[in-house]
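*Asks:* Pasting in a structure now, in structure tokens, and then I'll have a few things to ask.
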Amino acid sequence: MQAELPHLDPATSQINVEDSAEQIPSAILSLSRMLLTLIIALLMGALVIWISGKNPVEAYRALLQASLGSRTAIANSLLAATPILFTGMAAAIAFRAGIFNVGVEGSLYLGGFAAAWVGFTFTTLPPLLIIPLSLLTAGIVGGAWCYFPAILRSRLQVDELVTTILLNHVAILFTEYLVNGPFLVPGLANAMSPQISESARLPRLLPPSQLNASFLFALLAALFTIYLMTRTKFGYEIRMVGDNAQFARWSGINVVSVIEKVMVFGGIFGGLAGAGQVMGVHYRFIAGFSSGLAFTGITVALLVRNSPLGVLLASLLFGMLRSGSATMEIMTDVPRDLIRVLEATIIFFAAIEFSNLLWRRHREH
Amino acid sequence: MNIDQLTNVLFAALRVMTPLLLAALAGLISQRVNLLNIALEGLMLFGAFFAVVLGAKFNSPLLGLFFSIVFTTLITFIYALSIIELHANLIVAGLAINILAVGLTSYLLVVMFNARGAYSPSNLVSLPHLNLPLLKDIAILGKVFSGHGVLVYVSWILAGLCSVFLYRTPQGIHLRAVGERPEAAETAGINVKGIQYLALLLGGVLCALAGAQLAIGDLTIFNDSMINGRGFIALAAVFFGAGKPSLTTLGCFLFGLFEILQFRLQTSANIPPQLPQMLPYLIVVLTLTAISFQKKFTKRMAG
């Protein structure tokens, strides 16, 4: 019946083809593929810059200078990489299990608001209590948000891509309502919550940059994910489900539970990413603050073919692009939206899968 | 609610459902060849952008509409090519189109007009509106059905044509065959790739119309968030309608009606706008859940 939702068929899906971190030849192959994708994207970007009558070399030089040119520039790149580390890991794990969880964006908003709420409500708590409490609340709220589409997906086969995209709108609108209604701060031009207490703020690492302790949490989360995916039974189960869900079920793996855990895991990471932005950068919840961080995470995961180690590296790269692009716009008049064009190109080429293409050609002759 | 208010609401609902219906027809045709078209949202944004920018350039909304169709179909062709020839993952490629649409249109707005996020050319007028002869003089029907923008009527005609195409033409029957049993269709000598191209490219044309209706149908404005999830609501209407043109049209009408009602509610009852705005998305999720429940139940009943 045509109305059946065609969710990703794990056996043929090109999202999760291989485990790049495991063997050296495949690691080199995936690294060169990642570089090739990146070069194509940069060339595409250069073409766009050139057509619009600007100088691509100057633009890229400004981008590089602004992202790596000084200690503060590097710190700002790491700052921009922080939420992408979380969302990239969330996307990589989900893809590895053959799941398309876009709900991380919603978790990011709700988790961010939850952290802000703890921060401006329990103002008397000392840092040692309020910071873990904020993070915990954000993680729980973020995880719970992804649990709904997870149940629908695992038990009723409701396409998780469609539901999470729709639910993202709900989450974003709901947080917008909260800061415009019950938690409105009179006299502020933009919709935002009250400031969180001094003790709920994460310490800055390299002032004057806003780089803060949430970067360290993100690094820890990344290392934990790498360990989880390569060294634990759960990581193995995720890969089994992603490669062939039917076979995994026959082998005695509880596929329903793996899918639910993977999506909740992504939600927790989303919540923590939002909390990091609130507690380390803005010190309050601002409506619409994310501008698609979860989608950048998806881009990153696709670029490195879901290798957790690759996500770690590519997040830093995307942090550079993001933090450098604003300065690039000021210095060379090349709009920072160029970064989205680069992202789209990367996703596009990840979708095409070079190896798949080469392999087909090889077989045909 | 008196009779005037009712006709106003119905008139507005028909206007609001039009971009949804056009995009839903695009999604429906793709769905019938078993291609889940995630790119509707991005293609609509491209459609809206080209309609406003090129309409303003040539100082004619009709030329804007024409070039919007040409260029949006061109972008759809790249999308189709990557899926059909290069075996790109359908969903990932669709995501790329959506991100490209936001990125490229915002980029071009800054470069071309030094405008961030929104652009409203002062020289461009909207597409013509039609007063239907005879009908416009009938008391209530005239107020509801007459005086809409030209694309509103085009969308109704296309919905009818879509039904005729799918069920009464050889191409339509081939198209459904490809969607239901691709191997069998291939064996029967149907050009599967050709049908897939046809489905996606028709979708591109429809998305261009949908975007143009939003951008130059009533006002002439482009902004980078103007599609606002309509591509996905359209897709949801296809699921709601189980891939049938008639039910999908009904779904679009209901979503359109709902959008108008919540708009009225927030102006008259002072309810915060975000809460009713959340409802269409929740309704769609519930609809999808109900469909799956029903499917599971009937499967169990069948044994």
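From first to last, the protein sequence lines are chains A and B.
In this text, residue positions in the first sequence follow this note's numbering: the first is -3, and each later residue adds one.
In this text, residue positions in the second sequence follow this note's numbering: the first is 4, and each later residue adds one.
We put the CB at the ideal spot given by N, CA and C, even for glycine.
Report the residues of the region 318 to 342 of chain A with a CB closer than 7 Å to any CB of chain B, ordered along the chain.
*Replies:* Listed by position, the residues of the region 318 to 342 of chain A near chain B (Cβ gap below 7 Å) are Pro331, Asp333, Leu334, Arg336, Val337, Glu339, Ala340.
*Asks:* Which word fits proline 331(A), buried or exposed, when buried means at least 16 other C-beta atoms lie within 10 angstroms of its C-beta?
*Replies:* The residue is buried, with at least 16 neighbouring Cβ atoms inside 10 Å.
*Asks:* Quick one: Cα of phenylalanine 82(A) to Cα of lysine 247(B), how far?
*Replies:* Phenylalanine 82(A) and lysine 247(B): Cα-Cα distance of roughly 41 Å.
*Asks:* Are leucine 250(B) and glycine 244(B) close, meaning C-beta to C-beta below 8 Å?
*Replies:* Result yes, Cβ atoms of leucine 250(B) and glycine 244(B) sit closer than 8 Å.
*Asks:* Checking contacts by CB at 8 Å: is alanine 346(A) closer than that to chain B?
*Replies:* Yes, alanine 346(A) counts as interfacial toward chain B.
*Asks:* Could you have a look at methionine 229(B) and say whether DSSP puts it in helix, strand or coil?
*Replies:* Three-state DSSP puts methionine 229(B) in coil, outside helix and strand.
*Asks:* Specify whether the region 116 to 125 of chain A and the region 55 to 64 of chain A touch according to this definition: at least 3 beta carbon pairs, one from each stretch, less than 8 Å apart.
*Replies:* Too few Cβ pairs lie closer than 8 Å, so no.
*Asks:* Would you mind sorting valine 53(A) into buried or exposed? The rule is 16 or more other CB atoms within 10 Å of its CB.
*Replies:* Exposed: under 16 other Cβ atoms inside 10 Å.
*Asks:* Do you know whose CA, among Leu278(B), Pro22(B), Leu138(B), lies nearest valine 155(B)'s CA?
*Replies:* When only C-alpha atoms are compared, the closest one is Pro22(B).
*Asks:* Taking CB distances under 8 Å as the criterion, tell me whether glycine 177(A) reaches chain B.
*Replies:* It does: the Cβ of glycine 177(A) has a partner Cβ on chain B nearer than 8 Å.
*Asks:* Does DSSP classify glycine 220(B) as helix, strand or coil?
*Replies:* The answer is coil: DSSP assigns glycine 220(B) none of H, G, I, E or B.
*Asks:* Indicate the three-state DSSP secondary structure (helix, strand or coil) for asparagine 11(B) in the structure shown.
*Replies:* Helix.
*Asks:* When you check each C-beta in the region 254 to 275 of chain B against every C-beta of chain A, which residues fall closer than 7 Å?
*Replies:* So the close ones are Pro275.
*Asks:* What residue range is occupied by the uninterrupted alpha helix (DSSP H) comprising threonine 108(B)?
*Replies:* Element bounds for threonine 108(B): 93 to 116.
*Asks:* Using the beta-carbon of each residue, which ones in chain A are nearer than 7 Å to serine 249(B)?
*Replies:* By Cβ distance, chain A contributes nothing, its closest Cβ being about 14 Å from serine 249(B), past 7 Å.
*Asks:* According to DSSP, is leucine 282(A) part of a helix, a strand, or is it coil?
*Replies:* The amino acid at residue 282(A) is misidentified as leucine; the sequence shows isoleucine. Strand, per DSSP.
*Asks:* So, with DSSP's three-state summary, where would you put arginine 92(A)?
*Replies:* Of the three classes helix, strand and coil, the one that applies to arginine 92(A) here is helix, per DSSP.
*Asks:* Where does arginine 151(A) fall in DSSP's three states?
*Replies:* Three-state DSSP puts arginine 151(A) in a helix.
*Asks:* Quick one: is serine 287(A) buried, meaning 16 or more other Cβ sit within 10 Å of its Cβ, or exposed?
*Replies:* The residue in question, serine 287(A), is exposed, as its Cβ has fewer than 16 Cβ neighbours within 10 Å.
*Asks:* Note down, in chain order, each residue of its chain lying with its Cβ closer than 8 Å to the Cβ of proline 204(A), except the 5 sequence neighbours on either side.
*Replies:* Excluding sequence neighbours, proline 204(A) sits near Thr68.
*Asks:* Could you tell me whether the Cβ of valine 95(B) comes closer than 8 Å to any Cβ of chain A?
*Replies:* Closer than 8 Å: yes.
*Asks:* Whole-angstrom Cβ separation of isoleucine 126(A) and glycine 138(A), contact assumed at under 8 Å?
*Replies:* The Cβ separation is near 18 Å, so there is no contact.
*Asks:* Is serine 48(A) close to chain B, meaning its C-beta is less than 8 Å from at least one C-beta of that chain?
*Replies:* So yes, serine 48(A) belongs to the interface.
*Asks:* Just tell me which of Lys50(A), Phe91(A), Gly102(A) has its CA closest to the CA of alanine 346(A).
*Replies:* With distances taken between Cα atoms, alanine 346(A) lies closest to Phe91(A).
*Asks:* Quick one: which chain B residues come within Cβ less than 7 Å of phenylalanine 314(A)?
*Replies:* Simply none; closest approach about 13 Å.
*Asks:* Between the alpha carbons of leucine 207(A) and glutamine 34(B), how many angstroms are there, rounded?
*Replies:* Cα to Cα, leucine 207(A) sits roughly 46 Å from glutamine 34(B).
*Asks:* Which residue's Cα is closest to the Cα of glutamate 194(A): Leu338(A), Val274(A), Val181(A)?
*Replies:* It is Val274(A) whose Cα lies nearest to the Cα of glutamate 194(A).
*Asks:* Can you tell me which residues form a DSSP beta bridge with arginine 200(A)?
*Replies:* BP columns for arginine 200(A) point to Asn208(A).
*Asks:* Counting only Cβ pairs nearer than 7 Å, list the residues of chain A close to lysine 299(B).
*Replies:* The contacting residues are Leu152.
*Asks:* Does any C-beta atom of chain B lie closer than 8 Å to the C-beta of leucine 34(A)?
*Replies:* No, leucine 34(A) does not count as interfacial toward chain B.
*Asks:* Just to make sure I have the definition right: I need the residues of chain A whose C-beta is within less than 8 Å of the C-beta of tyrosine 200(B). Which are they?
*Replies:* Residues of chain A passing the Cβ test: none, with the nearest at roughly 17 Å.
*Asks:* Which of helix, strand or coil does DSSP assign to alanine 62(A)?
*Replies:* Alanine 62(A): helix per DSSP, three-state reduction.
*Asks:* Output needed in chain order: residues of the region 146 to 158 of chain B with a Cβ under 7 Å from some Cβ in chain A.
*Replies:* Result list empty, no residue passes.
*Asks:* Taking all protein chains shown into account, decide if glycine 41(A) is buried (16 or more other Cβ within 10 angstroms of its Cβ) or exposed.
*Replies:* By the 10 Å Cβ count, glycine 41(A) comes out buried.
*Asks:* May I ask you to report which of helix, strand or coil DSSP gives alanine 121(B)?
*Replies:* Correct three-state label for alanine 121(B): strand.
*Asks:* Between Thr159(A), Leu152(A), Glu101(A), Thr323(A), which has its C-alpha nearest proline 79(A)'s C-alpha?
*Replies:* With distances taken between Cα atoms, proline 79(A) lies closest to Glu101(A).
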